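Position 35 (the sequence shown) corresponds to 35 in the UniProt record's numbering; numbering is contiguous. Following: one structure in structure tokens, then a few remarks.
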Amino acid sequence: MLYYPAYLTLKDRNVLVVGGGAVGCRRLSPLIEAGAKVTLVAPQLVDEATMLVEKHDLKWLCRSYSAELLAEQWLVIAATNSAELNTAIAQQAEADGIFCNVANDANTGSFICPSLINDGQCQIAIATGGAAPVLTRLLKFRIRAILPRHLKQLIAVSAAKRADIKRTFSTVSHRRRFWEGFFSKALNPDNTDYAKLYQQHLSEVTEQASAVVPLTCVLPDDLDDLSFGMVKKLHQADLVIVSEKDERRIETFIRQDCRRVRPEAYAQITPEPHASVIAIVTN
1 MLYYPAYLTL KDRNVLVVGG GAVGCRRLSP LIEAGAKVTL VAPQLVDEAT
51 MLVEKHDLKW LCRSYSAELL AEQWLVIAAT NSAELNTAIA QQAEADGIFC
101 NVANDANTGS FICPSLINDG QCQIAIATGG AAPVLTRLLK FRIRAILPRH
151 LKQLIAVSAA KRADIKRTFS TVSHRRRFWE GFFSKALNPD NTDYAKLYQQ
201 HLSEVTEQAS AVVPLTCVLP DDLDDLSFGM VKKLHQADLV IVSEKDERRI
251 ETFIRQDCRR VRPEAYAQIT PEPHASVIAI VTN
């Protein structure tokens, strides 16, 4: 089963965690970081959960779960050591229209919790639908290893300069092109002074209008044969000239905000300056 991925806004929302063992404890920190108003119900807690309760002044109900605890909750985590109780909590939550996650059981409840990589404002969620948790962990470690060491600083520079770039460059295409160039340089491990790199890159870029010349992409019969360079260009494209049949084939390679234009209609439009235009031709 495929899941619909989403990041929930939990700040100041009521969240109930049922279970004070190691599994329930693992759910607490992400909820706390998201700003949720957490209530923890369990007759006893593992030491780490006790530390979190004391450190963050969480509401802990030292008792067993009962149905009335779901009242006014926005989300619930069922993490007890009883599969029957977890299922009962999920069924009640479903009846009451409350989001419910059953820890260690992807087939019960209304959502699953993915494995997370957190680095400041950058969050990467990885999930295999509960089918291969070991693979999920391995993917997490591999992805984490290739991320820039100073990702927080890179995001901070970007956030601080977004308004400046919006004032400097008048078109969406030119702004995107600026950021693509900047981030491509910033992702080089030798470039860690992002503020200096930003100024250098800005000085190299001008808003001088340029003619738009479509780049031709010849689609192979097997899209696995499409070169990495062309996949990258397709992803960066602002406008794609493509037939309806070929649009379906390349849908996964182009951005949602990329304009799609049929070949017979392209002559009637004017791409904005600095737009990246690709013409798709079937082999």
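All C-beta atoms, glycine included, are put in the ideal place defined by N, C-alpha and C. Only a predicted model underlies this, so the values are computations on that prediction, with no experimental measurement involved.
Is residue i buried or exposed, if buried means 16 or more other CB atoms sit within 10 Å of its CB?
| i | result |
| --- | --- |
| Tyr7 | exposed |
| Phe228 | exposed |
| Arg27 | buried |
| Lys59 | exposed |
| Ile98 | buried |
| Ala22 | exposed |
| residue 286 | The requested residue 286 does not occur in the structure, where the chain is confined to residues 1 to 283. |
| Pro148 | buried |
| Lys166 | exposed |
| Thr270 | exposed |
| Tyr65 | buried |
| Val152 | The question names Val, but residue 152 is Lys in the sequence shown. So Lys152 ends up on the exposed side. |
| Tyr194 | buried |
| Leu138 | exposed |
So what's residue i in DSSP terms, helix, strand or just coil?
| i | result |
| --- | --- |
| Ser64 | coil |
| Asp246 | helix |
| Lys161 | helix |
| Asp96 | helix |
| Val134 | helix |
| Val231 | helix |
| Val212 | coil |
| Ala256 | Inspection of the sequence shows that residue 256 is occupied by Gln rather than by Ala. If DSSP states are grouped into helix, strand and coil, Gln256 belongs with coil. |
| Thr282 | strand |
| Ala106 | coil |
| Leu202 | helix |
Are residue i and residue j close, meaning C-beta to C-beta below 9 Å?
| i | j | result |
| --- | --- | --- |
| Val261 | Val242 | yes |
| Cys217 | Leu239 | no |
| Ala78 | Val157 | no |
| Val205 | Glu272 | no |
| Leu219 | Ile250 | yes |
| Ile280 | Asp224 | no |
| Val53 | Lys37 | no |
| Ser276 | Leu226 | no |
Can you tell me which of the options puts its alpha carbon nearest to the alpha carbon of residue i?
| i | options | result |
| --- | --- | --- |
| Ala186 | Arg176, Tyr198 and Arg177 | Tyr198 |
| Gly20 | Thr39, Val240 and Val231 | Thr39 |
| Asn86 | Ser276, Ile124 and Ala106 | Ala106 |
| Ile134 | Pro5, Gln123, Asn104 and Tyr194 | Checking the displayed sequence, the identity of residue 134 turns out to be Val instead of Ile. Minimum Cα distance to Val134 is reached at Asn104. |
| Glu180 | Ala132, Lys232 and Gln153 | Lys232 |
| Lys196 | Arg177, Thr168, Leu154 and Asp57 | Leu154 |
| Leu116 | Thr128, Ala163, Thr168 and Cys62 | Thr128 |
| Arg176 | Gln236, Ala95, Ala159 and Arg13 | Gln236 |
| Gly35 | Asp12, Arg248 and Met51 | Asp12 |
| Cys62 | Ser29, Trp74, Leu45 and Leu75 | Leu45 |
Beta carbon of residue i: closer than 8 Å to some heavy atom of the ligand GTP?
| i | result |
| --- | --- |
| Ala125 | The ligand GTP is absent from the structure shown, which contains no ligand whatsoever. |
**OP:** Could you name each continuous beta strand (DSSP E) segment of 3 residues or more that falls completely within the region 22-97, going from the start of the chain to the end?
**Re:** The qualifying runs are 37-41, 59-61 and 75-78.
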